[in-house]
Amino acid sequence: MKALLWLAIACVGALATGAIALNRGEPVNSFWLILAAVCIYLLGFRFYSKFLAARVMALDDNRATPAERLRNGHDYEPTNKWIVFGHHFAAIAGPGPLVGPVLAAQFGYLPGTLWILAGGVLGGAVQDFIILFASLRRDGKSLGAMAREEIGKVGGFVALITVLLIMVILLAVVGLVVVNALVGSPWGAFTILATMPVALFMGIYLRFVRPGKVLECSAIGFLLVLLSIFGGQWISLSPYAAAFTFSGITIALAIIAYGFLASALPVWLLLAPRDYLSTFVKLGVVFLLAIGILIVRPELQMPAISRFIAGTGPVFAGKVFPFVFITIACGAISGFHALISSGTTPKMLARETHARHVGYGAMILESFVAIMAMIAACVLQPGVYFAINSPGAILGKTADAAVATITAWGYPVTTAQMATLAHRVGEATLFSRTGGAPSLALGMAQIFSATGGGDAVLGFWYHFAIMFEALFILTILDAGTRVGRFMLQDLAGNIYKPLGRVSWMPGVLVSSAIVVLGWGYFLVEGVLDPLGGINTLWPLFGIANQLLASIALCVATTILIRMHGAKYCWVTGVPLAWLVTVTFTAGWQKIFSTAPRIGFLAQANLMTGRSAFNARLDAAVTAVFLILVTVILLDSLRVWASILSGTQPSKARETPFVQSHLSVEGL
Amino acid sequence: MKFWRYLKALLRELSDETAYERHLALSGSTHSAKEWRRFSDERHRAKYSRARCC
């Protein structure tokens, strides 16, 4: 009976995938996409993750987990698996799975969707699961520590440097997403500005008024943030609107100043309360979006494959191969997840078998978030989507020129249509609002308003979505700056000891300034980039993130080779080979392509002064990423060869078996 | 019913309220503003020294 049920799921999944893949010309209902995704996730979880758990990792519930053996009530604490699942999902879900698919929608809905599904089930979930398992068997060790132990000192050092560099690019690119969402928008700018005093109020409330009442405080904070959205609407219609209408460079400088302050201020005052709030808002919005899509079941207006797969896309340049695979990282496979899977999560698992639900399952859910983002982008008319996401340098200086360009691409749109839409969401214009956030917000607003309220609530939902995106992006900015500061202080402490002390104020200020200036430089570069900074920064971030995934997969492959020889090395070896192929191809093209919109060096040759320097800097950063990962790859190959030839011990470096005595019933 | 129970437990875990209860039980102390500040400072120090996901 069960076999018949799974056969039916497989058939429905194949039918739905066929419907979205083979349909041409007619709009496809998003329900087919949801159906295909859910069936593929179910099959992947039921069969592939079970195979990995039973055969490859041989998860053993008799073995005490670090949470049981090292229980201390703080980090190490056996926790109910569904709570760990939620905790882990909240930690891995950032703006990546939302923004990446929106940008990749320029190729049509199909390429990105297929990559999200295949990459998620066969790559990302496998990486997260195996790194979680590896950390679980090593007392919750971090990816860097495992790289050092399994591959060598070089591997560990390279992993640390890579994470620091990726952090700089990540913070710049997410900062750019916020800048582009708020530029020329008094409603959005007021709403986001208002979240700062709200966070400060929450910090003081939690510290001095009602200590420990985090949920109560977050509920009050959420109500205040909702009020700030209405306040933003009032401001946008009032004479004060001009005071809240900022240029891109002003917002960028404000974000840089904010990043520095937030990194140096006490955590309890700003960062922690906003982090609590943004986590709850993030989970709530993802849940609401899923419900909204299921109720509305909107039709996808975007074609399955657009004319831009050949590489002439206005959102970012480059052919569908390799660029769709680096544009969508977090929804398919993301190296950053390996840091989470080897961070808090392994210290909370009560049973080894829970790693399957948490590691593999949470990544599948994140992949589903990416599918929802793809749907939100593709429910927009293609003309509207390209009008929002294409930079002014490509569309032309006037609205008439922009619609003429987009219509000539075969995606009709009119100035009246864009003006009406902008008016409905309370914005002055929606042309060239690049970065993905505005088009995602518009798609989400259309879905939410279709569940009730219609056009009357479109503006509210649009700004609610912008607030939701900006809220957790800003949390990532200040938390990321702080982490970057710690990493830098860690390295600098080797040169001058006081610099390594996180409580020494001069050290804190200098290292915070260096990190902020690092990502701030790329942010300003992105804002000033005439081709739209997203065209430059997002591929750079995608390459960096996928290269971090390559490092994680090198560690995972080494562990599997130590456990089983060559027998199961394909489990991580195949995704690794794919990622290396994709990222090295993309990296090579970004440096050396003769097309100026793709190749940094070709771009530099056409430019002068600071722009030329920036393009060469981007080429150098890409080259450094590729060199660092080549070092790890070669080091890994050396280790694999020596294990397989017997010159290095093949035994897995796990903590010894200890019998579990933990009952999970009461958790 | 079970879903709401899990949801509440998840929210309390994400908000560190459960961790605070564990801290009180483990250290044998009672809730006070000073104790919360000690706990949350320690918790945040560990939490915000780790990389955040994109």
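One line per chain: the protein sequences are A and B, in this order.
Numbers given in the working numbering equal positions in the first sequence, counted from 1, plus 672.
Numbers given in the working numbering equal positions in the second sequence, counted from 1, plus 1.
Just so you know, even glycine gets a beta-carbon here, dropped at the ideal spot from N, CA and C.
Beta-carbon separation (whole angstroms), residue i vs residue j, contact threshold 8 Å
i        : j        : result
I1270(A) : A1001(A) : So it is not a contact: roughly 19 Å between Cβ atoms.
E1326(A) : R809(A)  : 4 Å
N852(A)  : G1107(A) : 3 Å
I1148(A) : R53(B)   : 5 Å
F1220(A) : T834(A)  : Per the sequence shown, the amino acid found at residue 1220(A) is Leu instead of Phe. About 6 Å; that satisfies the 8 Å criterion.
T785(A)  : I1043(A) : 7 Å
G1131(A) : V1085(A) : Going by Cβ atoms, the distance from G1131(A) to V1085(A) rounds to 20 Å, so no, they are not a contact pair.
S50(B)   : F1158(A) : 5 Å
A844(A)  : G1156(A) : A844(A) to G1156(A), Cβ: 12 Å. No contact.
L804(A)  : S1104(A) : Their Cβ separation, rounded to whole angstroms, is 41 Å, which puts L804(A) and S1104(A) out of contact at 8 Å.
C55(B)   : L842(A)  : 5 Å
Closest residue to residue i among the options (Cα-Cα distance)
i        : options                                : result
G893(A)  : G875(A), R879(A), L909(A)              : G875(A)
L12(B)   : S807(A), F779(A), V756(A), L1143(A)    : V756(A)
V793(A)  : L714(A), V1030(A), L677(A)             : L714(A)
G1245(A) : Q1261(A), L1225(A), H1026(A), W1260(A) : L1225(A)
P986(A)  : L1011(A), I928(A), N1061(A), A1027(A)  : N1061(A)
G1033(A) : I681(A), R718(A), V1196(A), I706(A)    : R718(A)
A777(A)  : H1095(A), I1138(A), M974(A)            : M974(A)
S1332(A) : N752(A), L679(A), D733(A), S807(A)     : D733(A)
I1223(A) : E821(A), T1123(A), A1045(A), I1304(A)  : I1304(A)
V1293(A) : L1273(A), L1160(A), M1020(A)           : L1273(A)
L1011(A) : A831(A), D1127(A), E1099(A), L1300(A)  : A831(A)
A1267(A) : G768(A), A1295(A), K991(A), A1142(A)   : K991(A)
G1237(A) : F1264(A), A1324(A), V1301(A)           : A1324(A)
T1208(A) : L1163(A), L898(A), L775(A), R1234(A)   : L775(A)
Y948(A)  : H1095(A), L1203(A), G884(A)            : G884(A)
F1264(A) : M1177(A), T1280(A), A1295(A)           : A1295(A)
V957(A)  : G856(A), G1281(A), A1313(A), W1133(A)  : W1133(A)
T951(A)  : I681(A), I1145(A), W1260(A), M1090(A)  : I1145(A)
G856(A)  : A915(A), G1126(A), V840(A)             : A915(A)
A26(B)   : L731(A), L705(A), A682(A), H746(A)     : H746(A)
L899(A)  : G920(A), V870(A), I921(A)              : V870(A)
Cβ-based neighbour list, residue i, same chain, cut-off 8 Å, excluding 5 preceding and 5 following
i       : result
S702(A) : I965, R969, P970, E971, L972, I1047, C1050, V1051
A693(A) : L782, L786, A976
I823(A) : C1226, V1227, T1230, I1304, D1307, S1308, V1311
Pairwise C-alpha distance: residue j and residue i
i        : j        : result
Y21(B)   : L887(A)  : 13 Å
A1291(A) : G1003(A) : 26 Å
V1196(A) : L1289(A) : 14 Å
I1036(A) : V1188(A) : 33 Å
Y1193(A) : A1113(A) : 27 Å
T1017(A) : M1139(A) : 28 Å
D1201(A) : L848(A)  : 11 Å
L937(A)  : A944(A)  : 11 Å
A1080(A) : A1073(A) : 11 Å
A691(A)  : P858(A)  : 43 Å
I712(A)  : G791(A)  : 12 Å
Y1168(A) : A709(A)  : 53 Å
R1234(A) : I1186(A) : 40 Å
A675(A)  : R820(A)  : 44 Å
S28(B)   : T19(B)   : 14 Å
S1317(A) : P767(A)  : 44 Å
E43(B)   : A866(A)  : 28 Å
V1330(A) : W940(A)  : 39 Å
L724(A)  : L789(A)  : 18 Å
N752(A)  : F1058(A) : 45 Å
G931(A)  : L925(A)  : 10 Å
L909(A)  : S1184(A) : 38 Å
Contact set for residue i: own chain, Cβ-Cβ below 7 Å, skip 5 residues either direction
i       : result
I625(A) : Outside the displayed range of chain A (673 to 1339) lies residue 625(A), so it cannot be described from this structure.
I838(A) : A1216, N1217, L1220
G685(A) : A708, C711, I712, L715
S738(A) : One point to set straight first is that residue 738(A) is Pro, not Ser, in the sequence displayed. Closer than 7 Å at the Cβ level, and outside the excluded window around P738(A), lie Y748, L808, D811, G812, P1018, K1019.
Proximal residues to residue i (C-beta, below 6 Å), its chain only, five neighbours per side dropped
i        : result
A1276(A) : A1284, A1287, R1288
D800(A)  : H1009, S1013, G1031, M1035
Q | Where the segment 756 to 770 of chain A meets chain B: residues whose CB sits under 8 Å from a CB there | A | G758, H759, A762, A763, I764, A765, G766, P767, G768
Q: Return the residues of the segment 793 to 808 of chain A that lie within a Cβ-Cβ distance of less than 8 Å from chain B, sorted by chain order.
A: none
Q. Using Cβ-Cβ distances below 7 Å, what residues of the segment 912 to 944 of chain A are close to chain B?
A. Using a CB distance below 7 Å, the part of the segment 912 to 944 of chain A facing chain B consists of V939, W940, L943, A944, ordered along the chain.
Q.
Give me the subset of the segment 977 to 1006 of chain A whose CB atoms are less than 9 Å from a CB atom of chain B, sorted by chain position.
A. A1001, C1002, S1006
(Q) Which residues of the segment 839 to 859 of chain A have a Cβ closer than 8 Å to any Cβ of chain B? Give them in chain order. (A) M839, L842, V846
**Q.** Short-range partners of chain B found in the segment 1003 to 1029 of chain A, where Cβ spacing is below 8 Å
**A.** Listed in sequence order: S1006, F1008, H1009, L1011, I1012, G1015, T1016.
Q) Any residues in the segment 7 to 23 of chain B with a beta carbon nearer than 8 Å to a beta carbon of chain A? Which ones, in chain order? A) Y7, A10, L11, L12, R13, E14, L15, S16, D17, E18, A20, Y21, R23
Q. Going along the chain, which residues of the segment 881 to 899 of chain A sit with their C-beta nearer than 7 Å to a C-beta in chain B?
A. So the list reads P883, G884, V886, L887, S890, given in the order they occur along the chain.
Q | Proximal residues, the segment 28 to 41 of chain B versus chain A, C-beta separation under 7 Å | A | H32, A34, W37, R38, S41
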